[in-house]
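A.B. asks: Chains as they are written, first to last, in the numbering used here: chain X, 1 to 183; chain C, 1 to 769.
For glycine and all other residues, C-beta sits at the position ideal for the given N, C-alpha and C.
One structure follows; several queries about it will come next.
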Amino acid sequence: MSRRPSIIVGVLVLVVLMAGMVGAQAVYSQYAAPEQPVKFTHVTHAGVLQMDCTFCHRNVDKGASAMVPAVEQCMFCHKAVTGDGTDPAKLAEIAKVRDAFDSGNPIDWIRVHRLPDTVRFVHSAHIKALSKPGMPTAQVCSTCHGDVPSMGKVGQVRSLKMGDCVACHRQNSAPTDCTTCHK
Amino acid sequence: MMELTRRDFLKVGSVTAAGAVAFTGCAPAARESIIQSPLLMPEDTLNSFENWYGSVCKQCGAGCGIVVRVIEGRAKKIEGNPDHPLNAGKICARGVSGVQALYHPDRLRSPLRRSGPRGSGRYTSVSWEEALGEVAARLDALKKENQAQSVVMAVAPLRGVAATITKRFMTNYGGTVYSFETLDNTVVRRSAEAAFGDPLLPKFDLENATYVLSFGANFLEPWLSQVSYNRAYGEFRQGGAERGTLIQFEQRMSTTGASADEWVHLPNPGTDGVLALSIAYVIVSKNLTSAANIRNATGGAGAAALRGFEPAEAEKKTGVPAARIEALAEAFAKAKAPLAIGGMGAAGHTNGLFNLSAIFTLNHLVGNVGRRGGVLLNPSGPTREFGDQIAADPVRAWRALTDRMQNKQINILMLHDANPLYGLPPTVKFGPALKNVPMIISFSSFMDETTAMADLILPDSSYLESWGDYVPDPGVAYETLGLQQPVVNPLYSTRTFSDALLTLAKTAPMAEDMKSGLAWETTRDALKALTTPLYEANRGSIRKTEGGKTISQELWWNKVLAAGGWWDERGVKATPIAPKAFAPRDAADPKFSGDEKQYMFHLNIFPSAGVGDGSMAHLPWTQFTPDPMTTIAWQTWIEVNPKDAEKMGLRTNDIVRVDSPVGSLETTVYVYPGIAPGTVAIPAGQGHTHMGRYAEKRGANPLTLVDPEMIDASTGALAFNATRVRLTKTGKRYSLPRIEGGAVEAREPFDYTVIQVTDGKGGGATGGH
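So, in structure tokens, the structure goes:
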């Protein structure tokens, strides 16, 4: 009997495994900026208009999660602001937000940053530790999130894996006990 | 181009499909890779508002101030009241568990009349009018037969207006009030009164003390005023310029002992008083304190008064080395603010009063009574009624009552939160005596052991549904009145005990005799009327006139309620007392029940961290508050020294039978290096047969083992640490519910008398004789 079929099966299994790993990698560390249901751009809001990060992510200095703003908050401005009226593509995106609010449907954004369940990351503690007097919030946030005001589509800029966290904690003399992050 | 046959296509296709299936589990679920942005602002979607009401905790006798978070008429969370002088915003596990007492599924929800044989648990619901009418008719009938003295009201210790109402009710009627508390503090109260001349417990100013000798006082555990002592302990260690030093003498290493700088193993139980007198001898003979102090404390006789308590003599009795006694005495006398505290470990013996009196008098010897960092005396309550109290009666009184019951001299026994059937040693035979009481009425809100024998139950409301007041005991050395207000409407058809008594006093046919001093319609009316002098006095934390503006009494009352009470830091102080002298003639050796050969171990009983003496056993949160030393929760265990365990071939989780001369029980061994060889310890609080689903049929009650003949002769209080026991292996095993694997086994054999926990310079463990 020839051994070839088993080798073929082995190679195929290996290929499938590797494909799976690549797939999992793509999911767990999303360097590539995902396509969002609404083509929201930080360039306009945080860049051109220079809105403070905490205007929308209002829990960032208060609790664990920075929080994605409620649709109602978009409507603070977009009740009146409907786009510059020249770019039909922009108009269509703003219309999506207004439709969502009018029809009572929440928007399902695609998560960009995702930490494993074993980690408890608290935004407020990091904001507090990294802020210096007079420093704009965007600069504090950029430590981990990069230059978001220049991003059309937001992607992840740091690995945010344990090595990354620990290296930064060491640099800043932050605690590196297991229970600091792992609960 | 490669030819793709149908067969190849299927092969490749199936492998790919298998891969897709296999790796689906590796990707996060869709719900985790999206973030939904809610439609409305979260802060706008709140459909209710929270209110925080100030009140008083009634989960133990300390009387801490609490604030309760109430949303839509439901109490959600209890926190410490940051303004209350006693606990300053802190609270304990039992305190936060108060909401579970409110929402407990086994709370008694309406008046009940027994419909089966006694103890059968068969009851039918009746209306309040019917229940109160029946009580009034029965009481009146007895009164007309001149049998009023055969009526007994047995309450848990009460304070303030509730105590006043209860006393006046029973005085008007002509019956007797008794009070019951498991592991009561009678000895501490009486000896503090003897030493400091104040019927109120003093404030041990731990916060400002620099050197504390604690003789079995477990002040970081459920003892007297746990939260205030815990807070003061933090200040004692880190608050002032000088870090305080704590020395603990005991047989079983408690949480307080584990926090001490030096844990001094006192090998011979009940010799705390001798040790204290020996410390006094050293101070007197070496002139380590002022001549006046020495003269006062020894009645002018000097060291001669303390002859027989030389350290060498004391070593023979106590087992603590003479050199150690001398060193501790010198350190104590030379400290800036020395303080000597005695607690349950020293009190629970046949010579308890002598022990504690000697310990407390040490404070006079070093001249710290009435001084910062020493013993501060408490003034009585701001008015007579608020200062009123019904303290627990000792076991001797309860045995006398049991005899009267047995002899059919008691016709009606009324109960309120008193549970003697659980808390008295069974050999007192309180249970059998109950059979000779024709009528038992209970005002308790849970079906505890004694209430389960009741013929009629008129359930009390929770303290979160009731009006009340509480002058903390021990207090904060100035006038403090905590006010308790209902934070929610009563959930069920229950009535506050004091309200029920006030209504009863106005119920025909007995109303005529009962009016005196009980004219108030409700407890709330009583509180409003009795606080009027405080409003008029225009002093304290909330005043009638503030900044030239006078507020109405109604507004003042609301402000006091919102603040959780009224206190006056600069108000009336306790009268200073003349220094007391030692009474070495009272020295008596502790007596123990059980022959030393037959019963090899001293039994040490201590209240559990969560369920305390058992009165909190009905709440799941207190049940799963683990003992800090062993991390055991929900259960009873027996602590055995590793040496003794090795000798008997016992391991942790072995079930043993424990026999004393009067009783026996089975419980599980926990091998504990912190207990002295020759002593075993069992926590109190479990072994309930009633009291709701979380308390029942769990663990064992160590009071079963206690010989009630063993009492402190002067006070009549139960000497709960004066019984000897023996252990027998059963061969059965039970896995104790523990949070951690257990204490580290002692590496050295246990013959260290002193374990120096720290030398204050970060040094390691040293020790030895």
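1. With 8 Å set as the bound, which would you pick, yes or no: does the beta-carbon of residue 61 (chain X) sit closer than that to a beta-carbon of chain C?
2. Can you pull the chain C residues whose beta carbon is under 8 Å from the beta carbon of residue 107 (chain X), in chain order?
3. Using three-state DSSP, classify residue 309 (chain C) as helix, strand or coil.
4. Which residues in chain C have a C-beta closer than 7 Å to the C-beta of residue 70 (chain X)? List them in chain order.
5. Could you check whether the Cβ of residue 608 (chain C) sits closer than 8 Å to any Cβ belonging to chain X?
6. What residue does the beta strand (DSSP E) around residue 151 (chain C) start on, and which one ends it?
7. Could you tell me the boundaries of the alpha helix (DSSP H) in which residue 662 (chain C) lies?
8. Compute the Euclidean distance between the alpha carbons of residue 761 (chain C) and residue 44 (chain C), then round it to the nearest angstrom.
9. What residues from chain C crowd round residue 111 (chain X), counting only those whose CB sits closer than 9 Å?
10. Determine whether the Cβ of residue 73 (chain X) lies closer than 8 Å to any Cβ atom of chain C.
11. Can you name the residues that DSSP bridges to residue 54 (chain C)?
12. Could you name the residues that DSSP lists as bridge partners for residue 136 (chain C)?
13. When DSSP builds the beta bridges, which residues end up paired with residue 683 (chain C)?
14. With a threshold of 8 Å between beta-carbons, can residue 29 (chain X) be considered close to chain C, or not?
15. Just the chain C side, please: which residues come within less than 7 Å of residue 104 (chain X) by C-beta, in chain order?
16. So, with DSSP's three-state summary, where would you put residue 217 (chain C)?
17. Restricting to runs no shorter than 3 residues, where is the beta strand (DSSP E) found entirely within the segment 84-139 of chain C?
18. Ignoring anything shorter than 3 residues or poking outside the segment 258-315 of chain C, list the beta strand (DSSP E) runs there in chain order.
19. In chain C, which residues lie with their C-beta within 7 Å of the C-beta of residue 101 (chain X)?
20. Taking Cβ positions, are residue 492 (chain C) and residue 109 (chain C) nearer each other than 8 Å?
21. Excluding sequence positions up to five away, which residues of its chain have a Cβ less than 7 Å from the Cβ of residue 61 (chain C)?
22. Would you list the one or two residues that DSSP bridges to residue 553 (chain C)?
23. Could you name the residues that DSSP lists as bridge partners for residue 342 (chain C)?
24. Using only the alpha-carbon positions, how far apart do residue 742 (chain C) and residue 259 (chain C) sit?
25. Restricting to Cα atoms, I'd like to know which of X:94, X:73 and X:171 is closest to residue 81 (chain X).
26. Classify residue 42 (chain X): buried if its beta carbon has 16 or more other beta carbons within 10 angstroms, exposed otherwise.
27. Which residue wins for smallest C-alpha separation from residue 663 (chain C), given the options C:113, C:217 and C:594?
28. Can you grab the Cα-Cα spacing for the pair residue 678 (chain C) / residue 671 (chain C), in whole Å?
29. Within a Cβ cutoff of 6 Å, which residues of the same chain sit near residue 210 (chain C), ignoring the five residues on either side of it in sequence?
30. Residues in the same chain with beta-carbon distance under 7 Å from residue 365 (chain C), minus the five sequence neighbours each way, listed in chain order, please.
31. May I ask you to report which of helix, strand or coil DSSP gives residue 625 (chain C)?
32. Rounded to a whole number of angstroms, what is the C-alpha to C-alpha distance between residue 29 (chain X) and residue 50 (chain C)?
33. Work out the CA separation of residue 444 (chain C) and residue 568 (chain C) for me, nearest whole Å.
34. By the three-class DSSP mapping on this structure, what secondary structure does residue 203 (chain C) have?
35. Where do the N-terminal and C-terminal ends of the alpha helix (DSSP H) with residue 226 (chain C) fall, by residue?
36. For the beta strand (DSSP E) that contains residue 439 (chain C), what are its first and last residues?
C.D. replies: Working from what's here:
1. Cβ-Cβ to chain C under 8 Å: no for residue 61 (chain X).
2. 36 and 37
3. The answer is coil: DSSP assigns residue 309 (chain C) none of H, G, I, E or B.
4. 37, 38, 39, 40, 41 and 42
5. The beta carbon of residue 608 (chain C) does not come within 8 Å of any beta carbon belonging to chain X, so the residue lies off that interface.
6. According to the DSSP assignment, residue 151 (chain C) belongs to the beta strand (DSSP E) that extends over 151-155.
7. For residue 662 (chain C), there is no enclosing alpha helix (DSSP H), as DSSP marks it with neither H nor E.
8. Below a pLDDT of 50, predicted positions are generally treated as unreliable, and residue 761 (chain C), at 40, falls in that range; the measurement from the model is reported next regardless. Near 55 Å, if we compare the C-alpha coordinates of residue 44 (chain C) and residue 761 (chain C).
9. 28, 32, 33, 34 and 35
10. Closer than 8 Å to some Cβ of chain C, the Cβ of residue 73 (chain X) qualifies, so yes.
11. C:67
12. BP columns for residue 136 (chain C) are empty, so no partner.
13. C:606
14. Residue placement at residue 29 (chain X) is poorly supported in this model, since its pLDDT is 47, which falls under 50; the coordinates are not used for a value here.
15. 39
16. coil
17. Correct list: 112-114 and 123-125.
18. 262-265
19. 39
20. Between residue 492 (chain C) and residue 109 (chain C), the CB-CB gap stays under 8 Å.
21. 157 and 473
22. The partner list for residue 553 (chain C) (beta bridge, DSSP) is empty, contrary to what the question assumes.
23. Its beta-bridge partners are C:215.
24. Bear in mind that the predicted position of residue 742 (chain C) carries a pLDDT of just 46, short of 50, making it too unreliable to give a figure here.
25. Looking only at X:94, X:73 and X:171, the smallest Cα-Cα distance to residue 81 (chain X) is reached by X:94.
26. buried
27. C:594
28. 13 Å
29. 242, 244, 335, 336 and 337
30. 280, 283, 289, 293 and 297
31. coil
32. Confidence at residue 29 (chain X) is low in this model, with a pLDDT of 47, below 50, so its placement is unreliable and the value that follows should be read with caution. The straight-line gap from Cα to Cα measures roughly 41 Å.
33. Each residue's Cα considered, the two are about 34 Å apart.
34. DSSP places residue 203 (chain C) in strand when its eight states are reduced to three.
35. Under the DSSP assignment, residue 226 (chain C) falls in the alpha helix (DSSP H) whose first and last residues are 226-234.
36. Residues 439-442.
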